[in-house]
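Position in the sequence shown (from 1) plus 14 gives the number in this note's numbering.
The beta carbon of each residue, even a glycine, is placed where N, CA and C say it ideally should be.
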Amino acid sequence: MKKTKKLAALLLAALMTVGMAGCVSSSSTTDTSDSSQSTGDSQGSSTVVMATNAEFEPFEYMDGTEYKGIDIEISQKIAEKMGAELEIHNVAFESVIAELTSGKADFAAAGLTINEDRLKNVDFSDTYYSTTQVILVRSDETEITSSADLKGKTVGVQTGTTGDTYATDEDKEYNHGIAEVKRYNKFMDATSDLIAGRLDAVIVDDFPADKLIERNPDKIKKLDEELTGEDYAIAVPKGDTEMLNTVNEVLDELEESGELDEIFDKYLQ
Ligand code: GLN
């Protein structure tokens, strides 16, 4: 990147940062508002739009006014490959897929698990990570030691996630007997309610669970049980084979070069 361009990009980033700061500090409206931020070259290049929900450390989260995380880095590589500038649409998790179906975004990277419901509306890339849902409880919890102990309990989830699907158990697949499911826009808020005693447990993806524990040392712990099998992939609008092929090419390249491992390693504790 040429110096002059770099300066322009920096100036733009500074301007965006000011804009974002306003968004981020406007508390409760943050995660439902469609906030955008562009990174990289700003002059004369096209834009590729990523939809995400930056409430899912280490995959996507805000570090001050900056977007960080594994999905952000992969998405930057996708933009690079396309010779485009990455624009980030940070929306509520339950709206991430709608960003694609409404044509507002080119792809979605949000620690998205492939599932049948979503496959009706979008296409998924190759998998780049496999994991499970886990249970978080307070550190001093003795009663809940596995999913069998969730019977009659109040459990927090993030709205529209596979954790929500597990806890809601509409198809009576798990029969855990959870009494009440409380839905949140942010796992951070569910965790605060768990710590405050307003929830008995939180169900969340494994790696983000570790990050929530890191952010709340000595207050919460993770149970060993693996509740589900989850394969993360990047979603593209249904039938957009060009976008799909680009994403898969980038994932292949990152895997073969060892860069994907490096990205993941960076976010380990
Ligand atoms: N993997 C989960 C899902 O796809 C959670 C993702 C998230 O909260 N960002 O539903």
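Residue i classed as buried or exposed, judged by whether at least 16 other C-beta atoms fall within 10 angstroms
i, result
"N189", "exposed"
"K280", "exposed"
"G83", "buried"
"P231", "exposed"
"N269", "Just to set this straight, residue 269 is Glu in the shown sequence, not Asn. So E269 ends up on the exposed side."
"K186", "exposed"
"E184", "exposed"
"R132", "buried"
Straight-line gap, residue i to residue j (C-alpha atoms, nearest Å)
i, j, result
"G54", "D154", "Bear in mind that the predicted position of G54 carries a pLDDT of just 49, short of 50, making it too unreliable to give a figure here."
"M64", "D207", "30 Å"
"S144", "Y246", "6 Å"
"V151", "E108", "24 Å"
"G166", "K95", "50 Å"
"E113", "V136", "11 Å"
"D254", "I248", "13 Å"
"V148", "G97", "38 Å"
"S60", "S89", "15 Å"
"K91", "A193", "43 Å"
"D275", "N129", "24 Å"
"D45", "E267", "For D45, the predicted model reports a pLDDT of 38, less than 50, meaning its position is unreliable and no value from the coordinates is stated."
"T141", "T159", "31 Å"
"K236", "D224", "8 Å"
"N199", "E263", "32 Å"
Residue i beta carbon near the ligand GLN (any heavy atom closer than 7 Å)
i, result
"G332", "In the structure as shown, the chain starts at 15 and stops at 283, and residue 332 therefore has no counterpart that could be examined."
"F138", "no"
"A124", "yes"
"T175", "yes"
"T127", "yes"
"D275", "no"
"N104", "no"
"D224", "no"
"Q90", "no"
"F121", "no"
"D266", "no"
"N67", "yes"
"D284", "Here the chain has residues from 15 to 283 only, and residue 284 is not among them."
Residue i - containing alpha helix (DSSP H), residue span
i, result
"F107", "Element bounds for F107: n/a, residue is neither H nor E."
"K233", "Element bounds for K233: n/a, residue is neither H nor E."
"E240", "From DSSP, E240 is part of no alpha helix (DSSP H); its letter is neither H nor E."
"A93", "I84 to M96"
Extent of the continuous beta strand (DSSP E) to which residue i belongs
i, result
"T66", "T61 to T66"
"Y198", "E194 to Y198"
"R152", "Q147 to R152"
"E71", "It is not in any beta strand (DSSP E) - E71 carries neither H nor E in the DSSP assignment."
>> Could you tell me which whole beta strand (DSSP E) segments of length 3 or greater appear in the segment 106-189?
In response: 136-138, 143-145, 147-152 and 168-172
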